[in-house]
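Below: one structure, written as structure tokens.
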Amino acid sequence: MKDFNICEHCNRYVDLDASDCPNCGQPLVCEANGRISIWRLGGIRGGLMGHLVSGLWRAFEAGAVIQPAFLDERPSKRPRWKGVSSNAFLDQVLRRDSGETFASLGVTEHNIVPSSRYNFLFGYAYVGFPAAVISLQMLSSDKPEAELLIRRVIGVAVHEIGHTLGLDHHGFGDGIECVMVADERVDSLETVDGGTTLFCDSCRDKIADWPRRIITTQADAIIAP
Ligand SMILES: [Zn+2]
Ligand SMILES: [Zn+2]
Ligand SMILES: [Zn+2]
Numbered sequence: 008m009k010d011f012n013i014c015e016h017c018n019r020y021v022d023l024d025a026s027d028c029p030n031c032g033q034p035l036v037c038e039a040n041g042r043i044s045i046w047r048l049g050g051i052r053g054g055l056m057g058h059l060v061s062g063l064w065r066a067f068e069a070g071a072v073i074q075p076a077f078l079d080e081r082p083s084k085r086p087r088w089k090g091v092s093s094n095a096f097l098d099q100v101l102r103r104d105s106g107e108t109f110a111s112l113g114v115t116e117h118n119i120v121p122s123s124r125y126n127f128l129f130g131y132a133y134v135g136f137p138a139a140v141i142s143l144q145m146l147s148s149d150k151p152e153a154e155l156l157i158r159r160v161i162g163v164a165v166h167e168i169g170h171t172l173g174l175d176h177h178g179f180g181d182g183i184e185c186v187m188v189a190d191e192r193v194d195s196l197e198t199v200d201g202g203t204t205l206f207c208d209s210c211r212d213k214i215a216d217w218p219r220r221i222i223t224t225q226a227d228a229i230i231a232p
């Protein structure tokens, strides 16, 4: 299925290679070289994205750009599944990765699942693959306080981006304090809440030389007007 960007100002579908909306002239895609490029699939609740950008900077010392365009919601729709397709969503984020970004991250309020048999995922990424996606659906399902939700979202985003930088999991039994501690069989809101949002020294060393990284001096989120 053909994939478009959606202008947040006039809601038009626009070709992926257009950096400004041909209808209203508003920006759709901002340059994100060396930074984390964040794409939204559908609207995201207020008060969250700025905190996510700050949390990503604390973990990676990389700035983030919240892309003004929304992703086309049609390619990932799976009406009979319990959520939208995490693979189609990931593929849309990857397609928009310029090759010059630190990583590309998709964020959605929708539930995401890799197949009809799954109930939910917190996030989805492949080790060494430059795109990752996260879902707020299960993270917000128990109506957490804003501060707890922000912490969960940052933890899952940092973990998934960690995978894009080549990091794999530590086991719960390894006794390591690191955001990459996980086990698909036992992951739950409790394990997310019990973990840290930062990397251990070993993971930090591994990502320090990531070639797409540029050092920034502050969390320089670029949020479209
Ligand atoms: Zn427009
Ligand atoms: Zn993982
Ligand atoms: Zn680690």
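The sequence shown runs 8 to 232 under this note's numbering.
The beta-carbon is built from N, C-alpha and C at its ideal position, and this holds for glycine as well.
When distances are taken from the beta-carbon of His170 to the heavy atoms of ligand 3, even the shortest one reaches 8 Å or more. Beta-bridge pairing by DSSP links Phe77 to Ile13 and Arg47. Under the 10 Å beta carbon count, Pro75 is surrounded by 16 or more other beta carbons and is classified as buried. Annotation for Val114: the continuous beta strand (DSSP E) segment containing it runs Ala110 to Thr115.
DSSP places Ala25 outside both helix and strand once states are collapsed to three, so it counts as coil. With contacts defined by Cβ atoms closer than 9 Å, Ser105 and Ala71 do not form a contacting pair. In the DSSP assignment, Ile141 falls outside any alpha helix (DSSP H) and lies within the beta strand (DSSP E) extending over Ala138 to Ser142.
With 5 Å as the limit, the residues whose C-beta approaches a heavy atom of ligand 3 more closely than that are Cys185, Met187, Cys207 and Cys210, in chain order. Counting only unbroken stretches of 3 or more residues, the beta strand (DSSP E) elements lying wholly within the stretch 125 to 210 are 130 to 132 and 138 to 142, in sequence order.
Under the criterion of beta carbons closer than 8 Å, Gly202 and Val193 do not qualify as touching, at roughly 12 Å.
Here DSSP, grouped into helix, strand and coil, assigns Ala39 to coil. Close CB contacts of Gln99 within its chain, under the 8 Å cut and outside five residues either way in sequence, are with Asp10, Trp46, Leu48, Leu78, Asp79, Pro82, Ser83 and Gly113 (chain order).
In this structure, Gly32 has its beta carbon less than 8 Å from a heavy atom of ligand 1. With contacts defined by Cβ atoms closer than 9 Å, Thr115 and Ala39 do not form a contacting pair. In this structure, ligand 1 has no non-hydrogen atom nearer than 8 Å to the beta-carbon of Val193.
Per DSSP, reduced to three states, the secondary structure at Ser92 is strand.
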